[in-house]
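To start, the structure itself, in structure tokens.
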Amino acid sequence: MLILLHSLTSCSHYCQTMERLNLSASAGSGNSVEASIHVARYMLAEKLCRGKSVLDVACGEGYGAWLMAEKWGAKHVLGVDYSSEAIHEANSHFNSSKLHYLQHCAESLIELRDYGPFDLIVSIETIEHVKDVDTFLDGVKSLMADDGIFICTAPNDEWYYGAGESTNPYHLRTFTYGSFQDLLNSRFPQVSYGVGTKALGFTNVYLDKQHRQEVSLLNQICQAEAMASVMITPGSESKVNPSTTAYFFGIAGHHHEHNSSALYPAPLSSHLSIPSACSQSIAKPKIALIADRPGWAFDNIAKNIQRHSGNNCSVDIHYLINYPSYAAMYREFFGDVLHYDLFHFFWRPSLFALFEPENLYAAAQDLPDKDRDFFLWNTAMATKTTSVYDHLFLRDDPQDTTMRSFMPLADSYSTCSQKLADIYASVDFISPPSQVITDGIDLQIFKPHRIERLQEDGSKREVVIGWAGNSNWRGPNNEHEQDDHKGLRSVIIPAVERLRQEGVSARGQYQDREVNWIEHHLMPDYYGQIDIYVNASLHEGTPNPVLEAMASGLPVLTTDVGVVRELFGPLQSRYIVQDRNSPEFYAKLKELATSPELRSQLSAENLQSIQPWSWNVKARDWLAFFSHAIDARLESSRPHEQYCVLRHLWNQASRQHQDAIERQHLCAAIETLQRELQRECEAKGLLLEGSQTLIKSMGQLLERQRSCLSRSLHHQKHATDVPPEARLDHL
Numbered sequence: 190m191l192i193l194l195h196s197l198t199s200c201s202h203y204c205q206t207m208e209r210l211n212l213s214a215s216a217g218s219g220n221s222v223e224a225s226i227h228v229a230r231y232m233l234a235e236k237l238c239r240g241k242s243v244l245d246v247a248c249g250e251g252y253g254a255w256l257m258a259e260k261w262g263a264k265h266v267l268g269v270d271y272s273s274e275a276i277h278e279a280n281s282h283f284n285s286s287k288l289h290y291l292q293h294c295a296e297s298l299i300e301l302r303d304y305g306p307f308d309l310i311v312s313i314e315t316i317e318h319v320k321d322v323d324t325f326l327d328g329v330k331s332l333m334a335d336d337g338i339f340i341c342t343a344p345n346d347e348w349y350y351g352a353g354e355s356t357n358p359y360h361l362r363t364f365t366y367g368s369f370q371d372l373l374n375s376r377f378p379q380v381s382y383g384v385g386t387k388a389l390g391f392t393n394v395y396l397d398k399q400h401r402q403e404v405s406l407l408n409q410i411c412q413a414e415a416m417a418s419v420m421i422t423p424g425s426e427s428k429v430n431p432s433t434t435a436y437f438f439g440i441a442g443h444h445h446e447h448n449s450s451a452l453y454p455a456p457l458s459s460h461l462s463i464p465s466a467c468s469q470s471i472a473k474p475k476i477a478l479i480a481d482r483p484g485w486a487f488d489n490i491a492k493n494i495q496r497h498s499g500n501n502c503s504v505d506i507h508y509l510i511n512y513p514s515y516a517a518m519y520r521e522f523f524g525d526v527l528h529y530d531l532f533h534f535f536w537r538p539s540l541f542a543l544f545e546p547e548n549l550y551a552a553a554q555d556l557p558d559k560d561r562d563f564f565l566w567n568t569a570m571a572t573k574t575t576s577v578y579d580h581l582f583l584r585d586d587p588q589d590t591t592m593r594s595f596m597p598l599a600d601s602y603s604t605c606s607q608k609l610a611d612i613y614a615s616v617d618f619i620s621p622p623s624q625v626i627t628d629g630i631d632l633q634i635f636k637p638h639r640i641e642r643l644q645e646d647g648s649k650r651e652v653v654i655g656w657a658g659n660s661n662w663r664g665p666n667n668e669h670e671q672d673d674h675k676g677l678r679s680v681i682i683p684a685v686e687r688l689r690q691e692g693v694s695a696r697g698q699y700q701d702r703e704v705n706w707i708e709h710h711l712m713p714d715y716y717g718q719i720d721i722y723v724n725a726s727l728h729e730g731t732p733n734p735v736l737e738a739m740a741s742g743l744p745v746l747t748t749d750v751g752v753v754r755e756l757f758g759p760l761q762s763r764y765i766v767q768d769r770n771s772p773e774f775y776a777k778l779k780e781l782a783t784s785p786e787l788r789s790q791l792s793a794e795n796l797q798s799i800q801p802w803s804w805n806v807k808a809r810d811w812l813a814f815f816s817h818a819i820d821a822r823l824e825s826s827r828p829h830e831q832y833c834v835l836r837h838l839w840n841q842a843s844r845q846h847q848d849a850i851e852r853q854h855l856c857a858a859i860e861t862l863q864r865e866l867q868r869e870c871e872a873k874g875l876l877l878e879g880s881q882t883l884i885k886s887m888g889q890l891l892e893r894q895r896s897c898l899s900r901s902l903h904h905q906k907h908a909t910d911v912p913p914e915a916r917l918d919h920l
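Heads up: the sequence shown begins at 190 in this note's numbering, then just goes up one per residue.
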């Protein structure tokens, strides 16, 4: 981090010419600071090029022309450059159907009139190189549409090389802010001016030339959208000073003045998705998946995403159970280096806990001020997503309402079924889910085993009825144990017993986590031993055992939960029952238990219906969800807004901590004063009614202060001592 700060404030020490970005450099060898300056200049065109025909003069390797064409919505872009090598690189690495490159001299633009006119002409760091400026600007004017716009930038060589004439052999002239204005004013009637400045990185700021010394740099930064990963905060007293900025810009033509996004020194791939000029030079996005514990459902989903991510992204899995506290987990994730582009929290309370002041304080309290700012900024900058797999937190009580209020803090979220998506789309103050991503199934693991057994009737062996899950799960409203949310004890077991009483040769075989939990990889053997799978839950997200049973070729009887209506074929859909306590549920079970032919028909249909639910297919939905979340966040103002929220939460928690310390001192002082007053009164025999009342009042005050202190310390201890897994088990 110190190297980055030094680079930003002492460019003359590392910058010789830096006229081109070396896009073919091996990983880590490029200059990320200079890369951010190069691309920041093009940010001036981001809001102006949409739907426009664009001419990019001296386009170099083409990354700016490609951004305008592919990312910022330009209608068509013509990129011209004098260097044949640059045009070759542009065609090789930044090609597009909306983009054309041409080797051409900037001083001969007038010869391109057959390509024009252009709605927008962009000249990034060109004017200092041309021999005949007048001819160059005449060419620009000749190619501009009647209401066209011209963006021109020039480097502030004093910032790069120090006072005096430029030592850059490629620069034929040196500009000051004033001389740059004079040149463009002589040619164009309406020009807006500004500077490219090191801010949170680099941004473009409009200046009123009459009052430029009064423009607050911090104020301008706070108005800029965020677009990267490192914040270097100036003091509030710092002003925008053209002589200390990296470059000047002028925009001729009518347009809306809008400060561009702040572009930080960071790898381009993470933030602009520019295609790689060399496969090693731009890293693929890094994704962290946070599951509850190994071997459980979220871990299964995470491992399948990881297995099928291919070369699209790098995926690591972290487990809540491995961290002693949320604070420890957050410190690892958002410490001095941000190791991931996106963090996906499968268990949404583990994301929401980040915004609890006591957790934030516990994570950052021991950090120096500078490191704490980086921690908060990294936390704000990271794309954070979550998923909804259950019907928890939907009641109107205060606890659930508070939990729902955290949902907007996720940059994006998915649901595992359309049913949940519809529910959340109707909840006030919560945006609809970004995507419905149903669970998948590994068809290489779950597949039919000796499926011909389903055709055997009860005369040869008992029909085996199965169920898998946690019979003690209390449901979304934390129902009482007797409510039996999963229905094993109150519905399934009594139904099987009734079958036996009525002479049906059947028995139950259940995989209850509370009784005989087995590892997930052993479940295919279990499905190979049963003939019918029954689900009697009141609510489910998917449920996954239904997917596994179908992939194993089993017929299913289920309540109307999760994704079963999207999942089942026409015959299997007849075995969805609305009320598990209705006579219909038992009748359907008896029908399956006594009809081998029906079981075989359902088996065949289910094996066909499950094919589109393979993880080979479903993993693509996850990768698209992650990609969209990263892109959407970087194009929004959320990082800056969230940083402000986190700073507020930190300040709130810090004040609470300071109050607790002061309250401790107050308690000690009251206790000491009470003890001394008691001792003095006893020594002098002055235990009068007034003294007794005062001592009693001091005791009551002391108890109140101790009670407040106890609550405050409990919250702090809860944040540092209670592991995430303990909270998960509690919920």
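The beta carbon of each residue, even a glycine, is placed where N, CA and C say it ideally should be.
Taking a 10 Å sphere around the C-beta of Lys559, we find fewer than 16 other C-beta atoms and assign the residue as exposed. Here the C-alpha atom of Asn511 lies approximately 14 Å from the C-alpha atom of Gly484. Bounds of the beta strand (DSSP E) holding Asp336 are 333-344. The alpha-carbon separation between Ser694 and Val685 amounts to approximately 10 Å.
Relative to the Cα of Ala569, the nearest Cα in the group Glu786, Asp646, Arg230, Cys833 belongs to Cys833. Within a 10 Å sphere around the beta-carbon of Leu791 sit 16 or more other beta-carbons, which makes this residue buried.
The beta carbon of Ala247 sits closer than 8 Å to the beta carbons of Val269, Asp270, Tyr271, Ala295, Ser312, Ile313, Glu314, Thr315, His318 from its chain, once the five residues preceding and following it are set aside; these are given in chain order.
Distance between Gly697 and Asp611, taken at the CA atoms: about 35 Å. If you draw a 10 Å sphere on the C-beta of Lys608, you find 16 or more other C-beta atoms in it, and that means buried. Taking each of His360, Arg520, Phe369 in turn and checking the Cα distance to Trp566, the smallest one comes out for Arg520. In this structure Trp811 does not touch Thr627 by the C-beta definition: roughly 11 Å separates them, more than the 8 Å allowed. The beta-carbon distance between Asn493 and Asp631, rounded to whole angstroms, is 6 Å. This is short enough to meet the 8 Å contact definition. In its chain, beyond the 5 residues on either side, Ile340, Ser381 have a beta carbon closer than 6 Å to the beta carbon of Ile440. Between the C-alpha atoms of Asp530 and Ser816 there is a straight-line separation of about 10 Å.
Pro597 sits exposed, since fewer than 16 C-beta atoms from the chains shown fall within 10 Å of its C-beta.
Counting along the chain, Trp656 sits inside no alpha helix (DSSP H); it lies in the beta strand (DSSP E) bounded by residues 652-658. Beyond the five residues adjoining it in sequence on each side, Gln767 comes within less than 6 Å, by CB distance, of Asp749 in the same chain, given in chain order. Taking the CA atoms as reference points, Ala263 sits about 22 Å from His277.
Leu643 sits in a helix when the DSSP states are folded into three classes. Contact between the segment 706-717 and the segment 752-760 is not established, with fewer than three Cβ pairs separated by less than 8 Å. Counting only runs that start and end inside the segment 565-629, the beta strand (DSSP E) elements of at least 3 residues fall at 572-577, 601-604. Collapsing the DSSP output to three states places Val380 in a strand. Taking each of Ala599, Pro474, Glu545, Val625 in turn and checking the Cα distance to Pro828, the smallest one comes out for Ala599. Inclusion of Phe814 and Ser623 in the CB contact set at 8 Å is warranted, their separation being smaller than that value. Val693 carries a coil assignment under DSSP once its states are collapsed to helix, strand and coil. Judged by DSSP in its simplified three-state form, Asn724 adopts strand. Cα atoms of Asp303 and Leu326: separation of roughly 18 Å, rounded to the nearest angstrom.
Straight-line measurement puts the Cα of Ser789 at about 20 Å from the Cα of Tyr775. Secondary structure note for Ile506: it is in no alpha helix (DSSP H), and the uninterrupted beta strand (DSSP E) holding it is 503-508. Taking a C-beta distance under 8 Å as the contact criterion, Leu298 and Lys241 do not qualify as a contact pair. Annotated three-state conformation of Leu711 is helix, per DSSP.
Here DSSP, grouped into helix, strand and coil, assigns Thr731 to coil. Residue pairing by DSSP places Ala263 opposite Arg239 in a beta bridge.
Scanning its chain for C-beta atoms nearer than 6 Å, with the 5 sequence neighbours on each side dropped, one finds around Phe369 the residues Ala343, Phe437, in chain order.
Only residues of its own chain outside the window of five on either side were considered, and among them Ser418, Asn567, Met570, Ala571 have a CB closer than 8 Å to the CB of Leu527, listed in chain order.
In this chain, the beta strand (DSSP E) harbouring Gln292 covers 288-292.
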